[in-house]
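Q: Below you'll find the structure I mean.
In the working numbering, the protein residues as written are 3 to 65.
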């Protein structure tokens, strides 16, 4: 897996693919990432995870 792409995508929070609920908002307005997908079409690869991306491992898929 190209961990550099995934690491950079996660570390620029709050403008990252990892999204956490804002506890200051009412519960019905809170949002959270439930999965993430990083695609690299030129390399015919993608990395994906279920759940919040900063808390779960990515699996690599090739096509």
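We treat Cβ as the ideally placed atom computed from N, Cα and C, and that holds for glycine. Bear in mind the structure is a predicted one, so any value in this text is a computation, not a measurement.
Return the residue from the list 33, 27, 38 that minimises the CA-CA distance to residue 61.
A: Position 59 of the chain shown, counted from the first residue, corresponds to residue 61. The shortest Cα separation from residue 61 among 33, 27, 38 belongs to 38.
Q: Extract the residue ranges of the beta strand (DSSP E) inside the segment 27-64, only unbroken runs of 3 or more that lie entirely within it.
A: Taking only runs of at least 3 residues, the beta strand (DSSP E) segments lying wholly in the segment 27-64 are 37-42, 47-52, 61-64.
Q: For residue 41, I'd like the list of residues in its chain whose CB is within less than 6 Å of its CB, leaving aside the five on either flank, ordered along the chain.
A: The residue given as residue 41 occupies position 39 in the chain shown. 48, listed in sequence order.
Q: Going along the chain, which residues of its own chain have a beta-carbon closer than 7 Å to the beta-carbon of residue 46, five neighbours each way excluded?
A: In the chain shown, the residue the question calls residue 46 occupies position 44. Closer than 7 Å at Cβ, skipping near neighbours: 64, 65.
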